[in-house]
Structure formats: C-alpha cells, structure tokens
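What follows is a set of notes on a single structure, which appears directly below.
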Amino acid sequence: MNLFSATELFDGGIKRYTDFQLPDTELRLWQHLFDKPKSDAYYNILLSESPWQQRMRKMYDKVIPDPRLTAYYGGENGHQWTPVLLEIKASVEKITNIRFDRVLLNLYRNGKDSVAWHSDNLPADGKHHHIASLTFGDTRIFKVRHKFNKDLSGLDIPLTHGSLLLMGDTMQDYYEHHIPKTARTVGPRINLTFRISESSKPVYFDKAKTSSSVNI
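Going by my numbering, the residue at position 216 of the sequence shown is 461; the numbering climbs one at a time, nothing skipped.
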C-alpha cells in the first residue's frame, strides 16, 4: 500500500536533524528517521494490530471520551511488548542512547482528533525523564509554548511520517504542548511516546551521549 505522498512528506528522502536550543530544556527532531517503506510497514502493522481503545476522562464536571484512541505497552499495567514494538524501541534507543520501559500509542483518526494544551504527568517513580515521540502517518502540527516566560515565541513543528522528536527531562516542568484540531483533510496519524517509569532501570546507556546521527 502506497501511504502518504513521498514528495510531500519526504522531500526526496533527505533526513534532517534539528536541535531547537530551547531555554530550560532540550528538544530535538530527527525528521524522517525511518525511510518511507519501513514507515509504511510499521504504520500498517500498528494500525491493524494494536488493541485500540477510547478512554474516558473527567473534564470539569463531565466525563467525556478522549478525542483519539490509545494503546499502552510495558510497565505494570500495560500490554506485553510485541516484536514490532521491540524492534522500533531498539531503533529509538540506539539514536537517543536512552533506555525506555513503556510506550503509549495514540491514534489520531482524522483532523477532529486532538490533544489539548498540557504537560505530561509525573511517571511512577515521581521524576520527569526524557520522552521520545515517534510519528507514523499523516503530518500534524506539534505546538510548544513556555509555561512562564510569555516573551518566548512558541513553536509549530510539523511531525512527519517516520520522524522522531525527543523531549528533555525538564520539558514537562517548563513547557506545554498541543496537537490542535484541523479543518484540513488529513489521514490517520499514529504517535508512539516512549517513556521511563521504573527508577530501578538504567536511564542512559553506559558511557553514551545523545547522537545527531540518523543512520540506523
């Protein structure tokens, strides 16, 4: 299946690395980390084989459905890792030099699915860690703004098919992020957020530094 325009999303297949140099944290983007055939294959498998569900959440005095579908793997309460997710996880850990022990999958079915401005909650060990956010599917805009310094301009980052965004361990303390709804006709987007929840596990690989290399 030929998913997502190679011309529109892959710019001839060129991979790009960007360090956004944000105050108070780090934010790095490996655009098109995975090539199109591999991104298409992962997208198809995850879309068809993940145990998607629509969770409910309390919003003020109402309980409403999340405007997206989710699936959770790893940790104490998540599903067992699949071979495909372990393969993807290994590639993400290789490029970031960080070990992750769980992943949350989000499925944005169309332009009406979204996530409001927020910072991620503290993980089980009570300390923020790096979060690696991987995209397969149609492009959506990832908005970022500083919580306290209103003089800083926000960022609008297009997250494209096969791209990886790494948020630093202080990102949730100082910044909020948001995937807005869009009136454009867009296809589904699957977002995998790799996280750390167990303090007993090593966070960083021994003697490793975060690399800007995009060869996997």
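Each residue gets a CB set at the ideal place from its N, CA and C atoms; glycine is no exception.
- Short of 7 Å from the beta carbon of residue 270, and not among the five residues preceding or following it, lie these beta carbons of its own chain, in chain order: 413, 415, 416, 419, 420.
- Contact annotation: residue 380 and residue 408 have beta-carbon atoms nearer than 7 Å.
- When beta bridges are read from the DSSP output, residue 326 appears opposite no residue.
- Boundaries for residue 294: no beta strand (DSSP E) harbours it, while the alpha helix (DSSP H) harbouring it runs 281 to 294, taken from the DSSP string.
- Residue state for residue 378 is assigned as strand, using DSSP reduced to three classes.
- Each residue's CA atom was taken as its position, placing residue 350 and residue 372 some 21 Å apart.
- Here the C-alpha atom of residue 265 lies approximately 13 Å from the C-alpha atom of residue 387.
- Around the Cβ of residue 334, a 10 Å sphere holds 16 or more other Cβ atoms; the residue is buried.
- The region 353 to 368 makes no contact with the region 394 to 403: fewer than 3 CB pairs, one atom from each, lie closer than 8 Å.
- Exclusion of the five residues before and after residue 301 leaves 308, 309, 310, 311 as the residues of its chain whose Cβ lies within less than 8 Å of its Cβ.
- Residue 375 is classed as buried because its beta carbon has at least 16 other beta carbons within 10 Å across all chains shown.
- Contact between residue 329 and residue 439 does not hold, since their C-beta atoms are separated by about 14 Å, which reaches or exceeds 8 Å.
- In summary, residue 363 is exposed, with fewer than 16 beta-carbon neighbours lying within 10 Å of its beta-carbon over all protein chains present.
- Judged by DSSP in its simplified three-state form, residue 266 adopts coil rather than helix or strand.
- Look at residue 307 here: in three-state DSSP terms it is strand.
- As DSSP reads the structure, residue 415 sits in no beta bridge.
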